[in-house]
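Engineer: Submitted below is the structure of interest, expressed as C-alpha cells.
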Amino acid sequence: MLRSGLVFFFIFFSFKLYCQDIYIINGNNELKTLDANFAVSDLFQINISQAGQVIDLAITPSGKLYGVTGSLKIIEINPDSASFSVIKTLPAGANYPGMVANYSNELILAKQFQRELYSYNFDTDSLDLIEDSISTPGDFTYYEGNLLYPGLFNDYIKSFDGTKIKNVGCSVPLIYTFYNVFDSCGVNNIYAID
50 MLRSGLVFFF IFFSFKLYCQ DIYIINGNNE LKTLDANFAV SDLFQINISQ AGQVIDLAIT
110 PSGKLYGVTG SLKIIEINPD SASFSVIKTL PAGANYPGMV ANYSNELILA KQFQRELYSY
170 NFDTDSLDLI EDSISTPGDF TYYEGNLLYP GLFNDYIKSF DGTKIKNVGC SVPLIYTFYN
230 VFDSCGVNNI YAID
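Each residue of the sequence shown is one higher than the one before, counting from 50 in the numbering used here.
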C-alpha cells in the first residue's frame with residue numbers, strides 16, 4: 050500500500066521548477082539578471098569610481114553575490130538594496146579575470162598571466178595562494194568537484210581536481226565565461242559564452 054501511494058504521489062504531484070536567474074554585468078557596471086526565458090531585468094549600476102570595473106561575478110551556495118574588480122577588490126553586492134561593499138583588496142600585479150564560489154565558504158580566483166590561483170576564505174578573511182600553475186584569460190566553474198576554466202592560451206578547457214590539471218575539451222576561440230544551470234541532482238548543464 051505504501052509503495053502504490055508513493056507511485057501515485059510521484060506521478061501526480063511531480064513538477065519541475067526553474068528559478069535560477071543568471072546575474073550579468075556589462076561594461077558600464079550595470080548589474081542585470083537573465084531568467085530561464087532569456088528575459089533581461091535591470092537591477093542597478095555599480096559605481097565604477099568607488100568599486101572599479103567589475104570583471105567577474107560569483108554566487109555563493111548561500112545565495113550571496115560577489116564581484117572582482119579591475120581595481121583589485123572583492124566586493125559583496127546586494128541586489129535587493131542596490132548596494133555593494135568592499136570586503137578585500139587583492140595583491141597587485143595583474144587583474145583577476147575569473148572567480149567562483151565553492152562549498153568550503155571560499156572564493157577561488159586567479160591572477161591573469163601570473164599562474165597564481167588564490168582562495169579567499171570568508172570565515173578567516175584570509176587570501177591564500179593555493180596553486181602556482183593555473184592561469185586563465187577567463188572564468189571558472191565547478192563540475193563534478195573539479196575546477197573548470199579555459200586554458201591560458203584559450204586552446205583547451207582544463208580541469209583541476211586539487212592535485213593535477215588535465216585537458217577535458219577543446220576550447221572554441223575566445224571562450225571566457227561559464228555558467229552552471231542546475232535542473233536537478235542529475236542534470237548540471239554548463240554553458241560557455243564568448
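A virtual CB, placed ideally from N, CA and C, is assigned to each residue, including glycine.
Mind checking residue 75: buried by the 16 CB within 10 Å criterion, or exposed?
Structural biologist: The sequence position of residue 75 within the sequence shown is 26, counting from 1. It counts as exposed.
Engineer: Here's the rule: buried if 16 or more other CB atoms are within 10 angstroms of the residue's CB, otherwise exposed. What is residue 193?
Structural biologist: As a first step, residue 193 is located in the sequence shown; it is residue number 144 there, counting from the start. Label assigned to residue 193: exposed.
Engineer: Throw me the rounded Cβ distance for the residue 100 and residue 150 pair, which I believe falls under 8 Å.
Structural biologist: In the sequence shown, counting from the first residue as 1, residue 100 sits at position 51. In the sequence shown, counting from the first residue as 1, residue 150 sits at position 101. That pair is no contact at about 18 Å.
Engineer: Any idea what DSSP makes of residue 98, helix, strand or coil?
Structural biologist: Taking the first residue of the sequence shown as position 1, residue 98 is located at position 49. Three-state result, residue 98: helix.
Engineer: CB residue 180 to CB residue 166, shorter than 8 Å?
Structural biologist: Here residue 180 is taken as the residue at index 131 of the sequence shown, counted from 1. Here residue 166 is taken as the residue at index 117 of the sequence shown, counted from 1. Their beta carbons are under 8 Å apart, which means residue 180 touches residue 166 by this criterion.
Engineer: Measuring alpha carbon to alpha carbon, tell me which of 195, 218, 115 and 204 ends up nearest residue 212.
Structural biologist: Position 163 of the sequence shown holds residue 212. Answer by Cα proximity: 195.
Engineer: Using only alpha-carbon positions, find the residue among 78, 104 and 73 that is nearest to residue 89.
Structural biologist: Counting from 1 along the sequence shown, the entry for residue 89 is found at position 40. Residue 73 is the option with its Cα nearest to residue 89.
Engineer: Please give me, in chain order, every unbroken run of the beta strand (DSSP E) with length at least 3 that falls completely inside the stretch 141-179.
Structural biologist: Whole beta strand (DSSP E) segments, 3+ residues: 147-150, 155-160 and 165-170.
Engineer: If I measure Cβ to Cβ from residue 126 and keep anything under 6 Å in the same chain, skipping five residues before and after, which residues do I get?
Structural biologist: Working through the sequence shown from its first residue, we reach residue 126 at position 77. Counting only Cβ-Cβ distances below 6 Å, and skipping sequence neighbours, we find 114, 116 and 133.
Engineer: Report the rounded CA-to-CA distance for residue 216 versus residue 143, giving the unit in angstroms.
Structural biologist: In the sequence shown, the residue the question calls residue 216 occupies position 167. In the sequence shown, the residue the question calls residue 143 occupies position 94. The alpha-carbon atoms of residue 216 and residue 143 are separated by roughly 25 Å.
Engineer: CA-CA distance, residue 163 and residue 141?
Structural biologist: Residue 163 sits at position 114 when you count from the first residue of the sequence shown. Residue 141 sits at position 92 when you count from the first residue of the sequence shown. Approximately 11 Å, taken between the alpha carbons.
Engineer: In terms of alpha-carbon separation, which member of 121, 210, 105 and 147 lies closest to residue 137?
Structural biologist: Within the sequence shown, numbered from 1, the residue matching residue 137 stands at position 88. Here the closest residue by C-alpha is 121.
Engineer: Roughly how many angstroms separate the alpha carbons of residue 135 and residue 204, rounded to a whole number?
Structural biologist: Counting from 1 along the sequence shown, the entry for residue 135 is found at position 86. Counting from 1 along the sequence shown, the entry for residue 204 is found at position 155. Straight-line Cα distance between these residues: approximately 34 Å.
Engineer: Leaving out five residues before and five after residue 124 in sequence, what residues of the same chain have Cβ atoms less than 7 Å from its Cβ?
Structural biologist: Indexing the sequence shown from 1 puts residue 124 at position 75. The answer, listed in chain order, is 100, 115, 116, 118, 133, 134, 135 and 136.
Engineer: Does at least one heavy atom of the ligand PLP sit under 7 Å from the Cβ of residue 206?
Structural biologist: For the ligand PLP, the structure offers nothing, since it holds no ligand at all.
Engineer: Leaving out the 5 sequence neighbours to the left and right, which residues in its chain are closer than 6 Å to residue 208 when beta-carbon positions are compared?
Structural biologist: Position 159 of the sequence shown, counted from the start, is the residue given in the question as residue 208. Only 195, 197, 215 and 217 meet the Cβ criterion.
Engineer: In or out: residue 190 buried (at least 16 other Cβ within 10 Å) or exposed?
Structural biologist: The count along the sequence shown starts at 1 and reaches residue 190 at position 141. Classification for residue 190: buried.
Engineer: If we count the other Cβ atoms within 10 Å of its Cβ and call it buried at 16 or more, is residue 152 buried or exposed?
Structural biologist: Within the sequence shown, the letter at position 103 stands for residue 152. Flag for residue 152 reads exposed.
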